[in-house]
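Engineer: Dumping the structure here so I can ask a few things about it.
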Amino acid sequence: MVPLSWYLIFSAILFSIGLFGVLSRRNLVAILLGIELMLNSVNVNLAAFWRYGTVTNITGQVFAIIVFAVAAAEVSVGLALVISVYRKRNTVIADEIDMLKF
Amino acid sequence: MTIDQIIFLVVAVATLIAAFRVVTTGNLIHAAFWLIAALFGVAAIFAILHASFLAVVQVVVYIGAISILFIFAVMLTRKDMRDQGPQLNRNWGFGAFLAALALVGLVFLVHGWSGVTKTAPAFPSEFDAVSALGNALVSPDAYVLPFEVASVLLVAALVGAVYVAYNRK
Amino acid sequence: MSTETIIWLIPLPPALAFFLIVLFTNRNKALSHTIAIGAALLSWLGSMIVFARALGVEHFGEHPFESSINWLPLAGSWFKIGVLVDPLTALTLFFVAWTVLMIFIYSVGYHNFGQPEGDHDQKGLPPHGATVEEHGNKHVVPSVEPMYSRFFAFIGLFAFGMFTLVVSDNLLTLFIGWEIMGLCSYLLIGFWHGKKSARDAAVKAFLTTRVGDVFMLLGIAYLYSVTGTLSFREIFTETTLHALQLIPSGVLGFSTAGLIGLLLFIGTVGKSAQFPLHVWLPDAMEGPTPVSAMIHAATMVSAGVYTVIRMFPLLSLDAQTMSVVAFIGAFTALFAATIALAQNDIKRVLAYSTISQLGFMIAALGIGAYIAAIFHLITHAFFKALLFLGSGSVIHGMEHGVLHTGNHKVDPQDMFNMGGLKSKMPITFWTFLIGGFALSGFPIVTAGFWSKDEILADAFAHNLPVFITLAIAAFLTAFYTMRQITLTFLGEPRTEEASHAHETPWTMTFPLLVLSVLAIGYGWLGIPEDFPILGGLLPNWLHEFAGATLAHHPEAGEFHPVPLLTSFIVALGGLALGYLMYRNVNSSAEDKLQFGFLKNKYYVDEIYEAVFIKPVTWFADKAVYQIMDKGFIDGILHLFGPGTQGIGDAIRNYFDLPFINRFLGDGSANVTYFSGEKLRVIQTGRIQQYLMLALILFIAIGAVLYFFVFA
Chain P
1 MVPLSWYLIF
11 SAILFSIGLF
21 GVLSRRNLVA
31 ILLGIELMLN
41 SVNVNLAAFW
51 RYGTVTNITG
61 QVFAIIVFAV
71 AAAEVSVGLA
81 LVISVYRKRN
91 TVIADEIDML
101 KF
Chain D
1 MTIDQIIFLV
11 VAVATLIAAF
21 RVVTTGNLIH
31 AAFWLIAALF
41 GVAAIFAILH
51 ASFLAVVQVV
61 VYIGAISILF
71 IFAVMLTRKD
81 MRDQGPQLNR
91 NWGFGAFLAA
101 LALVGLVFLV
111 HGWSGVTKTA
121 PAFPSEFDAV
131 SALGNALVSP
141 DAYVLPFEVA
151 SVLLVAALVG
161 AVYVAYNRK
Chain Y
1 MSTETIIWLI
11 PLPPALAFFL
21 IVLFTNRNKA
31 LSHTIAIGAA
41 LLSWLGSMIV
51 FARALGVEHF
61 GEHPFESSIN
71 WLPLAGSWFK
81 IGVLVDPLTA
91 LTLFFVAWTV
101 LMIFIYSVGY
111 HNFGQPEGDH
121 DQKGLPPHGA
131 TVEEHGNKHV
141 VPSVEPMYSR
151 FFAFIGLFAF
161 GMFTLVVSDN
171 LLTLFIGWEI
181 MGLCSYLLIG
191 FWHGKKSARD
201 AAVKAFLTTR
211 VGDVFMLLGI
221 AYLYSVTGTL
231 SFREIFTETT
241 LHALQLIPSG
251 VLGFSTAGLI
261 GLLLFIGTVG
271 KSAQFPLHVW
281 LPDAMEGPTP
291 VSAMIHAATM
301 VSAGVYTVIR
311 MFPLLSLDAQ
321 TMSVVAFIGA
331 FTALFAATIA
341 LAQNDIKRVL
351 AYSTISQLGF
361 MIAALGIGAY
371 IAAIFHLITH
381 AFFKALLFLG
391 SGSVIHGMEH
401 GVLHTGNHKV
411 DPQDMFNMGG
421 LKSKMPITFW
431 TFLIGGFALS
441 GFPIVTAGFW
451 SKDEILADAF
461 AHNLPVFITL
471 AIAAFLTAFY
481 TMRQITLTFL
491 GEPRTEEASH
501 AHETPWTMTF
511 PLLVLSVLAI
521 GYGWLGIPED
531 FPILGGLLPN
541 WLHEFAGATL
551 AHHPEAGEFH
561 PVPLLTSFIV
571 ALGGLALGYL
581 MYRNVNSSAE
591 DKLQFGFLKN
601 KYYVDEIYEA
611 VFIKPVTWFA
621 DKAVYQIMDK
631 GFIDGILHLF
641 GPGTQGIGDA
651 IRNYFDLPFI
661 NRFLGDGSAN
671 VTYFSGEKLR
681 VIQTGRIQQY
691 LMLALILFIA
701 IGAVLYFFVF
711 A
């Protein structure tokens, strides 16, 4: 049998990879890809805890479903913003969108 | 090493490689395809965990909808099909360090937790997880309110997305 | 309705009328006077019903109508207010209701209701007449009073005060009614506030009576602190009175009863214009004549005497107080009568005669002639109201003449401008004659004779000096009354205005007729039983009825021919002498009695001016203004000014500028500016760098929490 720690470590690695993507990629769309990876790692955690806890208590799966919904919402709004920014400034490079600068 | 563990390791390693490619590949279209591969891997993990509904939803929603959306976004935001210049910013080294630090922290936390060596209980054969999930989502005693709120959030997000991305010219 | 309910309701209609007129109907003259007279009529009706029912009660003195309610919660008990109608109140109600009603009706005619608006009349000034065109030729007629409705509102409130005072069963509500009347008298005397003399007279009346009122309030407070009650029925019990008599007050050897009585009496001195607080009343003639009649005959000055009569059981306990009362009364009676001799203004003569007659009543009380005082109070109210209203009618007739000739320099109130009005104004003449004879005490016929005779008889029996003083005063009264009648009505008109005077409308003459009936007839109710010939024809009803108010029924005085003869001689002699002396007098220069000190009222006003007003003004100016205010208070203020400025400077220079401004103010700004300058570099505008910083902080905090807090 696979121990719980394997799933947890798998999801931790997946999360860190996603985090690296978010922190390091220049392209806005790529940053969103990183976020998707991080969300998936969370879902893996939820499902694993469901499976390794009381199986009849379905809460873990319910939360995973809600994370799906949130992820879908996040992606749709995020990509809409990317497209909007691209139209206005003709770029999708995060470093070039520095209107918050002092 | 049992057959379960081998299957898990194979799927996990494949998933992680795909994920790593997602954040490192230069071509965004390739990154999107690598993402699909990684999401498939996660769907397989769900399947191993007996979360059959989640696995199906993962395929349908993530791969079928979100990934396609990404591909469209990539196509809409590129003047030509190839990206110019480096795909990582100047601080990517520091970002990698922070990601590693987060990983160390997480592993440290997991390592220090007593329940980490726990093994899965036997899956009750008569238990129907899908119908239990369905009942839980629409039962007033359980999660109907968060479920409905999530649906409202989704609608609002979609309306917002249309508004933001709408071309007024 | 039960009698008690009616008594409660008696004062209300005039008060309602006041508010109705002030709030709603003040633009409509007819409606205003209808409401006011209707209210007076209701009160009159209530008073008559109460009076009639009182007559039907056996031993009314012991079983008066009374009713009270809990009003003010005190520690453990209640302060009660209520109504009380005993024989004294019933009699007072009777004459107050009659005179009030008559004066209300009279006011309609006096203020020229139904006449056109004046040509250039202004609010606050008497009407000057209006020009009308009739059959092609213009002539001037009297114009309606501009503040007509206001007048009726004020007299309504005044009537409310009087009725409240009369039906009260305790000193507190009595005092409230008393003060309402004080306010109304101020408002009404100053009714034509455009005239400086009227304003001054109003202030004078208010302040002078206030002197008395303060003492009266002291008396009430003293009484309450000693007995714990202000209700008449509770005070006038054997035990309470006895206790009050025995406890010494510690002031000048007065007993408590005596001192309280004296303080209350000083209130009356102010209100009833007794010496030395009489100065306001003659000046109060500045008000419209119905007001003079109301204040100076029927109600307000009577209220003062009424209060003393009411408190008689208390006053009579202390001989010292009684002698003070008797002295003040007798002195005032003579003093005012002498001043009246030299006055030329028709209303001023009456004003001084009022003071004098009130002195008669006070003197009567001072010698213990309780019933005589009540009797004279009532008869005086009738005939003095009659005289005042009659004089108003005369003045009104004269104003007709003045408007006719257009010579506004002629004073319509100066008796030397009149003469021969008998044929011009017959009703006014005959009623004025009746009133004047009643005032003089014309024997047998008039009410004034019987009441004055009773006072003289009692004085003769108890106190000879008082008797002599009052007899002289009575002689002078008859003399100046006849002087007035002769100068005003008899002989030939001395001015063109007088020859053009004519009779006043029925609203003015009707009250005169009613009051003249009462001025004659009321005296027959109090004929002593052992009077020669007439005695016993009519029962001495008044004596029985009024005497029952007291716990110990006063004995009727022994008959003695000396006072009776005196009454005859002084009345007839005074009248005859007055006629003979003034038959042929045509101007004030020919008047042999125009002595300077009488003309100037013994210089009392001047003495007050010199003794009180000048020193007070001097004190206010020199001591209070110059020394206290300018020197002391301003000095302190000037000390405070630079002092606080110095402190302020010091704080500013040594604390505010270096510490607050430089250190805290500029310092915090500098620190913020410096740190902003240094920290701005991390604001790159790049979202991923922000995210990294956030993550570093997150990991750091998480590590700290994990290793140090939750470890």
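Chains as they are written, first to last, in this note's numbering: chain P, 1 to 102; chain D, 1 to 169; chain Y, 1 to 711. Idealized CB from N, CA, C, for every residue including glycine.
Between Phe-53 (chain D) and chain Y, is there a C-beta pair that is closer than 9 Å?
Structural biologist: Sequence index remark: in the second sequence, residue 53 (chain D) carries index 53 (1-based). No, its Cβ sits nowhere closer than 9 Å to a Cβ of chain Y.
Engineer: In chain order, what residues of the same chain lie with their CB nearer than 7 Å to the CB of Met-81 (chain D), ignoring the 5 residues before and after it?
Structural biologist: Here residue 81 (chain D) is taken as the residue at index 81 of the second sequence, counted from 1. Caution applies to Met-81 (chain D), whose pLDDT of 47 falls short of 50 and renders its modelled position unreliable; the model cannot decide the point.
Engineer: Hey, does Asp-95 (chain P) have any beta-carbon neighbour from chain D nearer than 9 Å?
Structural biologist: Along the first sequence, one-based indexing puts residue 95 (chain P) at 95. Yes, its Cβ sits closer than 9 Å to a Cβ of chain D.
Engineer: Return helix, strand or coil for Gly-118 (chain Y), following the three-state DSSP convention.
Structural biologist: For this step, residue 118 (chain Y) is matched to residue 118 along the third sequence. Residue state, collapsed to three classes: coil.
Engineer: If you measure from the beta carbon of Ala-703 (chain Y) to each beta carbon in chain D, is any gap under 9 Å?
Structural biologist: By 1-based counting over the third sequence, the position of residue 703 (chain Y) is 703. Yes, contact with chain D.
Engineer: Along chain P, which residues have their Cβ under 9 Å away from the Cβ of Asn-27 (chain D)?
Structural biologist: Against the second sequence, residue 27 (chain D) aligns to sequence position 27. Near Asn-27 (chain D) there are no residues of chain P at all, since even the closest Cβ is about 11 Å away, more than 9 Å.
Engineer: Just to confirm before moving on: does the CB-CB distance between Ala-303 (chain Y) and Trp-98 (chain Y) stay below 9 Å?
Structural biologist: Walking along the third sequence from the start, residue 303 (chain Y) turns up at place 303. Walking along the third sequence from the start, residue 98 (chain Y) turns up at place 98. No, the pair does not count as a contact, with Cβ atoms beyond the cut-off.
Engineer: Would you call the segment 400-407 of chain Y in contact with the segment 481-500 of chain Y, where contact means no fewer than 3 C-beta pairs closer than 8 Å?
Structural biologist: Output reads yes: the segment 481-500 of chain Y touches the segment 400-407 of chain Y.
Engineer: Taking 9 Å as the CB-CB limit, is Lys-101 (chain P) close to chain Y?
Structural biologist: Working through the first sequence from its first residue, we reach residue 101 (chain P) at position 101. Interface residue, yes.
Engineer: Find the residues of chain Y that neighbour Gly-105 (chain D), judging by a C-beta separation of less than 8 Å, and give them in chain order.
Structural biologist: Walking along the second sequence from the start, residue 105 (chain D) turns up at place 105. Ile-699, Gly-702 and Ala-703, listed in chain order.
Engineer: To the nearest angstrom, how far is it from the Cα of Pro-140 (chain D) to the Cα of Asp-128 (chain D)?
Structural biologist: To locate residue 140 (chain D), count along the second sequence from 1; it is residue 140. To locate residue 128 (chain D), count along the second sequence from 1; it is residue 128. Rounded to the nearest angstrom, the two C-alpha atoms are 20 Å apart.
Engineer: Using only alpha-carbon positions, find the residue among Y:Phe-163, Y:Ala-373 and Y:Ala-54 that is nearest to Leu-42 (chain Y).
Structural biologist: The count along the third sequence starts at 1 and reaches residue 42 (chain Y) at position 42. It is Y:Phe-163 whose Cα lies nearest to the Cα of Leu-42 (chain Y).
Engineer: Looking only at its own chain, which residues have a Cβ that is under 6 Å from the Cβ of Leu-54 (chain D), when we skip the five neighbours before and after it?
Structural biologist: By one-based count along the second sequence, residue 54 (chain D) stands at place 54. Once the five neighbours on either side are set aside, the close Cβ partners of Leu-54 (chain D) are Phe-46.
Engineer: Do His-59 (chain Y) and Gly-124 (chain Y) come within 9 Å of each other at the CB atom, strictly closer than that value?
Structural biologist: Position 124 of the third sequence, counted from the first residue, corresponds to residue 124 (chain Y). Position 59 of the third sequence, counted from the first residue, corresponds to residue 59 (chain Y). The answer is no: Cβ separation not under 9 Å.
Engineer: Closer than 9 Å, CB to CB, is Tyr-690 (chain Y) near chain P or not?
Structural biologist: For the purposes of this step, residue 690 (chain Y) is taken as residue 690 along the third sequence, with counting starting at 1. Chain P, which has a Cβ nearer than 9 Å to the Cβ of Tyr-690 (chain Y), makes this yes.
Engineer: For the alpha helix (DSSP H) containing Thr-289 (chain Y), name the first residue and the last one.
Structural biologist: On the third sequence, position 289 is the one that residue 289 (chain Y) refers to. From DSSP, the alpha helix (DSSP H) with Thr-289 (chain Y) extends over 289-293.
Engineer: Alpha carbon to alpha carbon, how far is Val-301 (chain Y) from Phe-360 (chain Y)? Give it in angstroms, no decimals.
Structural biologist: For the purposes of this step, residue 360 (chain Y) is identified with residue 360 of the third sequence, where counting begins at 1. For the purposes of this step, residue 301 (chain Y) is identified with residue 301 of the third sequence, where counting begins at 1. Whole-angstrom Cα-Cα distance: 13 Å.
Engineer: For Gly-95 (chain D), which residues in chain B fall below 8 Å Cβ to Cβ?
Structural biologist: Here the protein chains are P, D and Y, and chain B is not one of them.
Engineer: Going by DSSP, what residue range makes up the alpha helix (DSSP H) through Gly-667 (chain Y)?
Structural biologist: Here the question's residue 667 (chain Y) lines up with position 667 in the third sequence. That run of the alpha helix (DSSP H) goes 667-679.
Engineer: Could you spell out the range, first to last residue, of the beta strand (DSSP E) harbouring Phe-429 (chain Y)?
Structural biologist: Residue numbering aside, residue 429 (chain Y) sits at position 429 when the third sequence is read from its first letter. That residue, Phe-429 (chain Y), is in no beta strand (DSSP E); its alpha helix (DSSP H) goes 426-440.
Engineer: Look up Trp-78 (chain Y) in the DSSP assignment and give the residues it is bridged to.
Structural biologist: Locating residue 78 (chain Y) in the third sequence gives position 78, counting from the first residue. Paired residues: Y:Pro-73.
Engineer: Listing by chain order, which chain Y residues have their CB less than 7 Å from the CB of Ala-161 (chain D)?
Structural biologist: Taking the first residue of the second sequence as 1, we reach residue 161 (chain D) at position 161. Neighbours of Ala-161 (chain D) on chain Y: none; closest Cβ ~19 Å, over 7 Å.
Engineer: How close, in whole Å, do the beta carbons of Val-116 (chain D) and Ser-5 (chain P) come, if the pair is a contact with beta carbons under 8 Å?
Structural biologist: Taking the second sequence and counting its residues from 1, the one referred to as residue 116 (chain D) is at position 116. Taking the first sequence and counting its residues from 1, the one referred to as residue 5 (chain P) is at position 5. Their Cβ separation, rounded to whole angstroms, is 4 Å, which keeps Val-116 (chain D) and Ser-5 (chain P) in contact under 8 Å.
Engineer: Between Arg-26 (chain P) and chain D, is there a C-beta pair that is closer than 9 Å?
Structural biologist: Mapped onto the first sequence, residue 26 (chain P) falls at position 26. Taking Cβ atoms only, chain D reaches closer than 9 Å to Arg-26 (chain P), which makes this a yes.
Engineer: Shorter than 9 Å from the beta carbon of Arg-51 (chain P) to some beta carbon of chain D?
Structural biologist: On the first sequence, residue 51 (chain P) is found 51 positions in, with the first residue counted as 1. Closer than 9 Å to some Cβ of chain D, the Cβ of Arg-51 (chain P) qualifies, so yes.
Engineer: Does the separation of the CB atoms of Ile-176 (chain Y) and Val-85 (chain Y) fall below 9 Å?
Structural biologist: The residue you call residue 176 (chain Y) lines up with position 176 of the third sequence. The residue you call residue 85 (chain Y) lines up with position 85 of the third sequence. Contact: no.
Engineer: Any C-beta of chain P sitting closer than 9 Å to the C-beta of Ser-125 (chain D)?
Structural biologist: Counting from one through the second sequence, the residue named residue 125 (chain D) turns up at place 125. Not closer than 9 Å to any Cβ of chain P, the Cβ of Ser-125 (chain D) fails to qualify, so no.
Engineer: With DSSP run on the structure shown, which of helix, strand or coil describes Asn-89 (chain D)?
Structural biologist: Start at 1 with the first residue of the second sequence, and residue 89 (chain D) comes out as number 89. Asn-89 (chain D) falls in the coil class under three-state DSSP.
Engineer: Does Thr-684 (chain Y) get closer than 9 Å to chain P when you measure Cβ to Cβ?
Structural biologist: Start at 1 with the first residue of the third sequence, and residue 684 (chain Y) comes out as number 684. Closer than 9 Å: yes.
Engineer: Comparing the C-beta of Leu-664 (chain Y) with each C-beta of chain P, is any distance below 9 Å?
Structural biologist: The sequence position of residue 664 (chain Y) within the third sequence is 664, counting from 1. No, no contact with chain P.
Engineer: Just to make sure I have the definition right: I need the residues of chain D whose C-beta is within less than 9 Å of the C-beta of Val-62 (chain P). Which are they?
Structural biologist: In the first sequence, the residue the question calls residue 62 (chain P) occupies position 62. Simply Leu-133, Ala-136, Leu-137, Ala-142, Tyr-143, Pro-146 and Phe-147.
Engineer: With a Cβ-Cβ cutoff of 9 Å, do Gly-212 (chain Y) and Gly-267 (chain Y) count as a contact?
Structural biologist: The residue given as residue 212 (chain Y) occupies position 212 in the third sequence. The residue given as residue 267 (chain Y) occupies position 267 in the third sequence. Closer than 9 Å, so yes.
Engineer: Contact between the segment 372-392 of chain Y and the segment 512-520 of chain Y is defined here as three or more beta-carbon pairs at a separation below 8 Å; is this criterion met?
Structural biologist: The segment 372-392 of chain Y vs the segment 512-520 of chain Y: in contact.
Engineer: On the DSSP bridge assignment, give the partners of His-543 (chain Y) in chain order.
Structural biologist: Within the third sequence, numbered from 1, the residue matching residue 543 (chain Y) stands at position 543. DSSP lists no partner for His-543 (chain Y).
Engineer: In chain order, what residues of the same chain lie with their CB nearer than 8 Å to the CB of His-400 (chain Y), ignoring the 5 residues before and after it?
Structural biologist: Along the third sequence, read from residue 1 onward, the residue named residue 400 (chain Y) stands at position 400. The residues are Pro-142, His-500, Ala-501 and His-502.
Engineer: Examine the Cβ distances between the segment 277-286 of chain Y and the segment 344-353 of chain Y and report whether three or more of them are shorter than 8 Å.
Structural biologist: Result yes; three or more Cβ-Cβ pairs closer than 8 Å.
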